[in-house]
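J.:
Protein chains: 2
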Amino acid sequence: MAVDLQLSPKQKRPAGEPCCEPVVYPDVERAQAERMASVAKALGDPIRLQLIDVLRKHAGKVCVCELIPLFDVRQSTVSHHLKVLREAGLVDSERRGLWAYYYVIPDALGEFAAWIGGEPVEPSCEC
Amino acid sequence: MAVDLQLSPKQKRPAGEPCCEPVVYPDVERAQAERMASVAKALGDPIRLQLIDVLRKHAGKVCVCELIPLFDVRQSTVSHHLKVLREAGLVDSERRGLWAYYYVIPDALGEFAAWIGGEPVEPSCEC
DNA sequence: GATATAGATCGATGGCCGTCGATCTCCAGC
DNA sequence: GCTGGAGATCGACGGCCATCGATCTATATC
Chain A
1 MAVDLQLSPK QKRPAGEPCC EPVVYPDVER AQAERMASVA KALGDPIRLQ LIDVLRKHAG
61 KVCVCELIPL FDVRQSTVSH HLKVLREAGL VDSERRGLWA YYYVIPDALG EFAAWIGGEP
121 VEPSCEC
Chain D
1 MAVDLQLSPK QKRPAGEPCC EPVVYPDVER AQAERMASVA KALGDPIRLQ LIDVLRKHAG
61 KVCVCELIPL FDVRQSTVSH HLKVLREAGL VDSERRGLWA YYYVIPDALG EFAAWIGGEP
121 VEPSCEC
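Quick note, the sequences are listed as chains A and D, same order.
When you number the first sequence by our numbering, it's gap-free, plus one each residue, and the end is 127.
When you number the second sequence by our numbering, it's gap-free, plus one each residue, and the end is 127.
#1: Just to check my reading of the structure: residue 43/A and residue 103/A have Cβ atoms closer than 8 angstroms, yes? What is that Cβ distance to the nearest angstrom?
#2: Taking the continuous beta strand (DSSP E) assigned at residue 74/A, which residues delimit it?
#3: Taking all protein chains shown into account, decide if residue 83/D is buried (16 or more other Cβ within 10 angstroms of its Cβ) or exposed.
#4: Please confirm if residue 131/D has its CB atom under 9 angstroms from at least one CB of chain A.
#5: With a Cβ-Cβ cutoff of 9 angstroms, do residue 109/D and residue 90/D count as a contact?
#6: Please report the Cβ distance between residue 33/D and residue 50/A, rounded to the nearest whole angstrom; I am assuming they are in contact, meaning their Cβ atoms lie under 8 angstroms.
#7: Exposed or buried, residue 53/A, counting other C-beta atoms within 10 Å across all chains shown (16 or more means buried)?
#8: Which residues of chain A have a Cβ atom closer than 8 angstroms to the Cβ of residue 84/D, listed in chain order?
#9: Under a three-way DSSP split, which group does residue 114/D fall into?
#10: Measuring only the C-alpha atoms, how far is residue 72/D from residue 30/A?
#11: Considering only residues of the same chain and omitting the five flanking positions on each side of residue 92/A, which have a CB-CB separation below 6 angstroms?
#12: Which class does residue 108/D belong to by DSSP, given the choice of helix, strand or coil?
#13: For chain D, find out if any of its Cβ atoms is closer than 9 angstroms to the Cβ of residue 105/A; answer yes or no.
#14: Using the rule of at least 16 other Cβ atoms within 10 Å of the residue's Cβ for burial, across every protein chain shown, is residue 27/D buried or exposed?
#15: Which residues bound the alpha helix (DSSP H) around residue 54/D?
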């Protein structure tokens, strides 16, 4: 083991053994991670999560006036949450006269669901 | 239709037709929604999502020193993210000498994965 | 004991976000 | 046109959070 004393008056202690070979890397590309993280963030509030649960379970579209009494917050807060879901691309709405009807966008959760379920992106299972 | 003029000098216009019968309710109880929302919130950052991806994919435990160079942030930021994941109950760590090894807690994502996949809680599919 | 390494934690910073009351915009009936 | 209902939006408020540099704690070697 060669010792280079040029401009190195102190003897530096040898570094410890490396812990391991570097063998890890993310499969998920940054752009995809950002997409999925934005979906996760939209679901990261209990009210928004329950909104998705309601909308997803319902066969048709749901009027906002039905959603508001489900929660212990003001109408404006429910509207705000619906806006967050809209902007995350999870839901959309349709105006009918006085009323606004919301629905989950088909497959908006698909990529994230596939990833979190530990599956490849294409569905490979008949359930 | 009786008109009550007592202390009601103005004639109030009749309310419009209701939009629909109220038929929606969340299946997900508040406590479960809060649990799952906290998991979602932990995943709601791209770096943390990629950390879970790496740790989940790896057969064993992964040293922090391997994780840090995967991202374009400081060591302290990676440590902070790992702490968030720990506190959300998604990962745990084990000390070996100088090094700390992280792993995903088995089935920590199970409840959330089942819900987001639209499945009942018990798995019903062999893939 | 001194020194170095690994990584957890602290505190500051500036941006993000859930909630509210107020207000606005659109729709509909009189 | 006036009035009222539905719900979207605004702005304020206070708490939350990602990032950094600095520092601390635990481990290991000389």
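From the three backbone atoms N, C-alpha and C, an ideal C-beta is built for every residue, glycine too.
Bear in mind that the values here come from a model prediction, so they are computed numbers and not experimental data.
T.: Let me lay it out:
#1: So it is not a contact: roughly 17 angstroms between Cβ atoms.
#2: No beta strand (DSSP E) contains residue 74/A, which DSSP labels as neither H nor E.
#3: exposed
#4: With chain D covering only 1 through 127, there is no way to say anything about residue 131/D.
#5: yes
#6: 5 angstroms
#7: buried
#8: What residue 84/D touches in chain A: nothing, since even the nearest Cβ is about 12 angstroms away.
#9: helix
#10: 11 angstroms
#11: 105
#12: coil
#13: no
#14: exposed
#15: 46-57
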